[in-house]
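Chains as they are written, first to last, in this note's numbering: chain C, 2 to 207; chain G, 2 to 207.
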DNA sequence: TTGGCATGTTACCAGGTAGTATAGACGCTA
DNA sequence: TAGCGTCTATACTACCTGGTAACATGCCAA
């Protein structure tokens with residue numbers, strides 16, 4: 002994947018940029034884990050800094066505000082979902098096949114660090130600007146899902162009463178996974194996700 | 002319903018108790034609305050007090066802590082859900098009929114003030130003791146739902162792969178309603194709930 | 001009348017945390 | 001060697017808000 006054959010300790014040039022990006026990522030990962038474990042407000046940047054063996058001003062060297070950190074966490078989660086959804090949309094098969102793929106990919110992201118941030122973050126935790134971008138990204142994903150559902154309805158592989166409500170119902174159920182699924186529990190993520198998606202596709206009736 | 006023909010402004014005796022209870026309820030209602038609009042942490046008790054034309058110590062005359070206020074809000078929501086669920090469980094009809102009733106009742110509560118509190122409150126916002134009670138109440142409701150699903154599976158009116166996952170999927174989708182349903186939107190609560198429950202029961206496949 | 005309970009108020013404290021000012025250390029470049 | 005940009009720490013401020021102490025008022029019961 003990477004051809005970084007640094008044979009010299011003098012990394013030089015753009016290696017600096019790579020390190021900076023890596024440190025940004027480290028801050029985000031750690032922050033996301035704290036947010037998920039304790040909640041956004043209950044997490045102080047001193048906590049995050051301490052976990053990374055640095056101090057708070059160091060974090061402010063990489064991010065402008067706590068709000069930016071939370072937003073970047075959710076943006077990564079939403080980007081992951083959107084990417085997976087686009088991939089699924091481009092696959093072959095019926096609308097139903099692609100919807101199943103899309104829901105499965107969505108679920109896999111939503112139970113990971115950044116995905117949990119997405120599911121748990123509420124608008125009013127972000128600044129007005131970040132909140133607007135956050136909602137815009139979510140709307141984009143919603144559009145992708147509705148499109149696949151519509152295609153499924155058109156090709157007869159899905160049966161839909163209300164496009165909007167169907168999409169919200171599906172994403173709502175998957176977001177719920179972020180709140181109750183426990184990786185340390187009895188069932189693996191794959192098993193839980195497979196069963197959840199099957200429940201949504203098949204419904205409760207025989 | 003009430004035979005309180007107070008012909009005198011001196012209410013006396015147990016009327017005091019009723020007033021006290023009414024004031025407690027008023028605090029909870031107002032607090033719940035603030036929590037839902039701005040979030041728990043972003044709502045100060047001064048805000049709530051001001052909206053009620055009193056001051057903060059007055060609120061502390063009725064509640065011991067902010068934690069207690071949040072917990073009582075969620076408790077009311079959960080009690081409403083549990084009550085509705087028990088009613089539905091006692092109705093006649095197949096398991097599928099009763100499940101549909103139960104989900105519909107659940108949804109009606111979850112889009113109201115206290116229900117939104119339930120859906121949005123996360124464990125770490127409550128004290129350890131309140132959190133434990135909160136989870137216990139939720140577990141109880143989960144048990145009611147699983148029981149009806151199991152009965153539906155037994156009488157053949159439902160088809161279930163995994164009881165636990167099915168219950169979580171259903172409640173997750175309904176909890177999502179609290180986050181996106183807008184009473185001022187184009188569709189009424191009844192319509193949205195009916196379509197959501199139908200989607201869950203029937204699934205996406207034809 | 002007197003004491004006690006319920007209800008409120010004004011004024012205040014304490015703790016925690018986002019964010020900053022300042023200065024030092026390191027490595028690269030000229 | 002001089003100097004610049006990057007990165008980090010110490011020490012601090014500002015502010016908000018949960019919670020409390022002390023006091024005022026009025027109703028009720030003995």
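From the three backbone atoms N, C-alpha and C, an ideal C-beta is built for every residue, glycine too.
How far does the alpha helix (DSSP H) with residue 102 of chain C in it extend, from its first residue to its last?
Residue range 96-111 is occupied by the alpha helix (DSSP H) that includes residue 102 of chain C.
So the alpha helix (DSSP H) residue 128 of chain G belongs to, where does it begin and stop?
Neither: residue 128 of chain G is in no alpha helix (DSSP H) and is coded neither H nor E.
Going along chain C, which residues have a C-beta under 7 angstroms from residue 169 of chain G?
In chain order: 177 and 181.
Inspect the beta-carbon positions of residue 232 of chain G and residue 52 of chain G and report whether they are closer than 8 angstroms.
Residue 232 of chain G cannot be examined here, being either before or after the span of chain G that is shown, 2 to 207.
Provide the residue span of the alpha helix (DSSP H) that contains residue 202 of chain C, from first to last.
In the DSSP annotation of this structure, the continuous segment of the alpha helix (DSSP H) that includes residue 202 of chain C starts and ends at 190-203.
With a Cβ-Cβ cutoff of 8 angstroms, do residue 146 of chain G and residue 171 of chain G count as a contact?
Cβ distance < 8 angstroms, so residue 146 of chain G and residue 171 of chain G count as in contact.
Interface flag, residue 166 of chain C vs chain G, CB-CB below 8 angstroms
Interface residue, yes.
Please identify, using Cβ separations under 8 angstroms, the residues of the region 121-147 of chain G that lie next to chain C, in order along the chain.
Answer set for the region 121-147 of chain G: 121, 123, 125 and 126.
The region 15-43 of chain G: which residues have C-beta closer than 7 angstroms to a C-beta of chain C, in chain order?
Flagged, chain order: 39, 40, 42 and 43.
Starting from residue 162 of chain C, find everything on chain G with Cβ-Cβ shorter than 9 angstroms and list it in chain order.
Ordered by position in chain G, the residues that pass the 9 angstroms Cβ test against residue 162 of chain C are 196, 199, 200 and 203.
Can you list, in chain order, the residues of its chain whose CB lies under 7 angstroms from that of residue 131 of chain G, leaving out five sequence neighbours each side?
Cβ neighbours of residue 131 of chain G beyond the five flanking positions: 68 and 72.
Measuring only the C-alpha atoms, how far is residue 64 of chain C from residue 70 of chain C?
If you take the alpha carbons of residue 64 of chain C and residue 70 of chain C, they lie about 7 angstroms apart.
Does the region 52-62 of chain C come within contact of the region 96-103 of chain C, defined as at least 3 CB pairs closer than 8 angstroms?
Result no; under three Cβ-Cβ pairs closer than 8 angstroms.
Alpha carbon to alpha carbon, how far is residue 184 of chain C from residue 190 of chain C?
Per the coordinates, the alpha-carbon of residue 184 of chain C lies some 7 angstroms from the alpha-carbon of residue 190 of chain C.
Would you call the region 193-205 of chain C and the region 17-28 of chain G in contact, with 3 or more CB pairs under 8 angstroms?
When C-beta atoms of the region 193-205 of chain C are compared with those of the region 17-28 of chain G, fewer than three pairs fall below 8 angstroms, so the two segments do not count as touching.
Going by beta carbon distance, what residues of the same chain come within less than 7 angstroms of residue 102 of chain G, once the five residues before and after it are set aside?
In its chain, beyond the 5 residues on either side, 89 and 92 have a beta carbon closer than 7 angstroms to the beta carbon of residue 102 of chain G.
Quick one: what does DSSP say residue 119 of chain G is sitting in, helix, strand or coil?
Secondary structure of residue 119 of chain G (DSSP, three-state): helix.
List, in order along the chain, the chain G residues whose C-beta lies closer than 8 angstroms to that of residue 193 of chain C?
Contact annotation for residue 193 of chain C against chain G: 166 [CB-CB distance below 8 angstroms, chain order].
By the three-class DSSP mapping on this structure, what secondary structure does residue 182 of chain C have?
In this structure, residue 182 of chain C counts as coil in the three-state DSSP scheme.
Would you mind reading off the limits of the alpha helix (DSSP H) that contains residue 78 of chain C?
Run containing residue 78 of chain C: 67-91, per the alpha helix (DSSP H) assignment.
Short CB-CB distance (under 8 angstroms) between residue 97 of chain G and chain C
At least one chain C Cβ lies under 8 angstroms of residue 97 of chain G.
Show which residues of chain C have a CB atom less than 8 angstroms away from the CB atom of residue 157 of chain G.
Under the 8 angstroms cutoff, chain C gives 207.
Could you tell me whether any Cβ in chain G is nearer than 8 angstroms to the Cβ of residue 86 of chain C?
False, the Cβ-Cβ gap to chain G never drops below 8 angstroms.
C-alpha gap between residue 10 of chain G and residue 17 of chain G, whole angstroms:
In this prediction, residue 10 of chain G scores a pLDDT of 48, lower than 50, which makes its location untrustworthy; no coordinate-derived value is stated.
Would you grab the beta carbon distance between residue 30 of chain G and residue 114 of chain G for me? Rounded to a whole angstrom, and I think it's under 8 angstroms.
Confirmed, about 6 angstroms.
Near residue 74 of chain G, which residues of its chain fall below 6 angstroms by C-beta distance, leaving aside the five closest residues on each side in sequence?
If we look at residue 74 of chain G and ignore the five residues flanking it on each side, its Cβ neighbours are 29, 33, 115 and 118.
Roughly how many angstroms lie between the CA atoms of residue 109 of chain C and residue 81 of chain C, to the nearest whole one?
Using only the alpha carbons, I get a separation of about 10 angstroms.
Which of the three DSSP states, helix, strand or coil, is assigned to residue 31 of chain G?
Residue 31 of chain G falls in the helix class under three-state DSSP.
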